[in-house]
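One structure is given below, encoded as structure tokens.
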Amino acid sequence: MSHVPHPRPCGDFRTSYSADTSLFRTKVEGWTVYLGIFALLFTPLFFNDFYISQMILIGIYAIAALGLNVLVGFTGQISLGHSAFFGFGAFASAWLNNTTGIPVFICIPLAGLMTTAIGMIFGIPAARLKGLYLAIATLASQFILQDFFSRADWFSGGAYGSAAEVVNFLGIDLDTDTKYFYLVLFWVVVSFLAVSNLRRSRDGRALVAVRDHYLSAEIMGINLTRYRIMSFGVSSFFAGLGGALYAHYLQYVSVEGFTILLSIQFLAMIIIGGLGSVSGSLLGAIFILLLPQFMEEVASSAAMVFEGIEQSKAYIKEMSVGAVIILFLIFEPEGLIHRWRLIRASWKLYPFSH
Numbered sequence: 065m066s067h068v069p070h071p072r073p074c075g076d077f078r079t080s081y082s083a084d085t086s087l088f089r090t091k092v093e094g095w096t097v098y099l100g101i102f103a104l105l106f107t108p109l110f111f112n113d114f115y116i117s118q119m120i121l122i123g124i125y126a127i128a129a130l131g132l133n134v135l136v137g138f139t140g141q142i143s144l145g146h147s148a149f150f151g152f153g154a155f156a157s158a159w160l161n162n163t164t165g166i167p168v169f170i171c172i173p174l175a176g177l178m179t180t181a182i183g184m185i186f187g188i189p190a191a192r193l194k195g196l197y198l199a200i201a202t203l204a205s206q207f208i209l210q211d212f213f214s215r216a217d218w219f220s221g222g223a224y225g226s227a228a229e230v231v232n233f234l235g236i237d238l239d240t241d242t243k244y245f246y247l248v249l250f251w252v253v254v255s256f257l258a259v260s261n262l263r264r265s266r267d268g269r270a271l272v273a274v275r276d277h278y279l280s281a282e283i284m285g286i287n288l289t290r291y292r293i294m295s296f297g298v299s300s301f302f303a304g305l306g307g308a309l310y311a312h313y314l315q316y317v318s319v320e321g322f323t324i325l326l327s328i329q330f331l332a333m334i335i336i337g338g339l340g341s342v343s344g345s346l347l348g349a350i351f352i353l354l355l356p357q358f359m360e361e362v363a364s365s366a367a368m369v370f371e372g373i374e375q376s377k378a379y380i381k382e383m384s385v386g387a388v389i390i391l392f393l394i395f396e397p398e399g400l401i402h403r404w405r406l407i408r409a410s411w412k413l414y415p416f417s418h
């Protein structure tokens with residue numbers, strides 16, 4: 065009888081520090097990710113523009129949610145102003161291109177760096193707060209930046225908004241969903257790879273230590289203020305990067321698109337996907353983006369029986385997000401990624417119970 069290799073052999077044979085900090089826990093997991101990315105390269109050949117546009121938005125929101133997960137999931141901080149940094153990245157990229165003439169492809173990461181600086185400025189006072197006081201401080205950043213967007217005509221266009229140019233890469237205008245899909249896919253892969261490596265690094269372990277028990281981390285010599293500010297900076301970078309991609313995809317940005325509701329949706333993404341999980345950020349973005357569309361279909365079907373529901377479809381879609389957050393906090397507090405791990409473990413262990 066030939067030997068069939070198991071995805072995870074019995075026992076833990078990681079005998080070195082490098083093996084313990086490997087990017088993928090098993091070779092099967094690594095090959096699954098590589099094949100998934102390879103398959104995504106061919107998705108525009110099999111899906112129409114509507115599905116491609118949905119995947120583009122999922123990728124953009126996943127990048128921003130990934131940044132919030134570094135702050136909330138890794139470090140244990142809280143932020144109610146993430147959409148403001150998302151919006152700052154959108155306006156910053158459009159402003160850089162319009163005023164300096166820097167190519168849009170370069171403006172996108174530069175906008176992320178500009179947002180990092182803003183995030184660290186707000187992170188300096190917030191790093192010394194915790195709990196309810198921290199939530200209020202980050203909520204203040206949301207309203208401060210929103211007011212800045214509406215008044216700074218030179219930067220954001222004020223109440224009229226700002227136009228964002230089409231991304232041009234090597235002389236090719238990425239002016240269709242199919243072309244833009246590959247740009248977003250590139251930044252999704254780079255962002256998720258960067259955060260996965262951050263978590264395995266010395267700084268990433270320090271961030272987790274701050275979250276798990278800040279007093280023990282401080283006794284071990286971890287500078288709490290430094291790492292809290294750093295987490296705000298990293299979180300803001302990915303928020304700005306996602307915002308810049310969002311701006312040049314729509315080719316127009318206005319202050320109305322970056323409200324407190326969007327910040328709550330970003331929180332919902334990481335709660336539903338799984339706090340502290342890199343892949344959970346992607347699962348949460350998929351869930352939150354598709355949930356309103358699913359609820360609209362449900363409301364339309366119910367309206368055939370109950371006439372009053374047709375006028376309440378917009379409220380049903382908004383209430384569904386809040387209801388799902390509550391249900392996940394009660395019944396699945398560790399998110400979708402935890403449920404997926406349990407399902408995967410049951411496949412490996414079946415028919416045994418352990």
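Numbering (our numbering), first residue to last: 65 to 418.
Positions of the beta carbon are idealized from the N, C-alpha and C atoms, including for glycine.
Simplified DSSP state of residue i, which is helix, strand or coil
i, result
"residue 133", "helix"
"residue 259", "helix"
"residue 227", "strand"
"residue 161", "helix"
"residue 286", "coil"
"residue 419", "Here the chain covers residues 65 to 418 and nothing more, so residue 419 does not appear."
"residue 66", "Because residue 66 sits at a pLDDT of 40, beneath the cut-off of 50, its placement in the model cannot be relied upon, and the following sentence gives the value as read from the coordinates. Coil at residue 66, not helix or strand."
Of the listed residues the options, nearest to residue i (C-alpha basis)
i, options, result
"residue 300", "280, 356, 129", "129"
"residue 190", "306, 145, 156, 157", "145"
"residue 331", "88, 119, 131", "131"
"residue 327", "149, 402, 270", "149"
"residue 237", "93, 266, 208, 169", "169"
"residue 324", "211, 167, 244, 179", "211"
"residue 243", "395, 412, 406, 105", "105"
"residue 179", "188, 266, 151, 199", "151"
"residue 214", "155, 342, 134", "155"
"residue 321", "268, 197, 222", "222"
"residue 271", "394, 289, 314", "289"
"residue 342", "259, 316, 100, 188", "259"
"residue 356", "368, 388, 367", "388"
"residue 353", "366, 329, 376", "329"
"residue 227", "107, 390, 316, 99", "316"
"residue 247", "108, 177, 368, 298", "108"
"residue 262", "185, 277, 195, 138", "138"
"residue 101", "245, 197, 177, 195", "245"
"residue 256", "275, 298, 111, 410", "298"
"residue 31", "367, 277, 406", "Nothing in the structure corresponds to residue 31, since the chain is present only between 65 and 418."
"residue 181", "267, 303, 195, 380", "303"
"residue 177", "195, 197, 153, 196", "153"
"residue 147", "406, 405, 239, 209", "209"
"residue 133", "229, 380, 186, 268", "268"
Close beta carbons around residue i, own chain, < 7 Å, minus the five adjacent residues each side
i, result
"residue 136", "142, 143, 334, 339"
"residue 199", "142, 144"
"residue 113", "241"
"residue 403", "396"
"residue 183", "149, 296, 297, 299, 300"
"residue 98", "none"
"residue 121", "353"
Neighbourhood of residue i by C-beta distance below 6 Å, restricted to the same chain and skipping five residues each side
i, result
"residue 88", "94"
"residue 344", "337, 338, 399, 401"
"residue 233", "169"
"residue 70", "For residue 70, the pLDDT reaches just 45, beneath the cut-off of 50, and the residue's location in the model is therefore unreliable, although a value from the coordinates is still provided. None."
"residue 186", "205"
Nonlocal neighbours in the same chain, by C-beta distance under 8 Å from residue i, ignoring five residues either side
i, result
"residue 172", "157, 231, 251, 305, 308, 309, 312"
"residue 273", "280, 281, 284, 286"
"residue 193", "201"
"residue 166", "160, 174"
"residue 188", "293"
"residue 390", "none"
Cβ separation of residue i and residue j, assumed to be a contact under 8 Å, to the nearest whole Å
i, j, result
"residue 225", "residue 117", "The pair is not a contact, with the Cβ atoms about 20 Å apart (cut-off 8 Å)."
Cβ of residue i within 8 Å of any chain C Cβ
i, result
"residue 217", "The structure shown has no chain C; it contains just one protein chain."
Quiz item: Touch check for the segment 152-166 and the segment 277-295: three-plus C-beta pairs under 8 Å?
Solution: no
Quiz item: Is it true that the segment 348-363 meets the segment 377-396, where meeting means three or more beta-carbon pairs spaced less than 8 Å apart?
Solution: With a cut-off of 8 Å, the segment 377-396 and the segment 348-363 count as touching, because enough Cβ pairs lie within range.
Quiz prompt | Segment contact flag, the segment 346-360 with the segment 125-141, C-beta cutoff 8 Å, min 3 pairs | solution = yes
Quiz prompt | Three CB pairs or more closer than 8 Å across the segment 305-316 and the segment 245-258 | solution = The answer is yes - the segment 245-258 touches the segment 305-316, with three or more Cβ pairs under 8 Å.
Quiz prompt | Cβ contact check for the segment 198-205 and the segment 214-226: 3 or more pairs under 8 Å | solution = no
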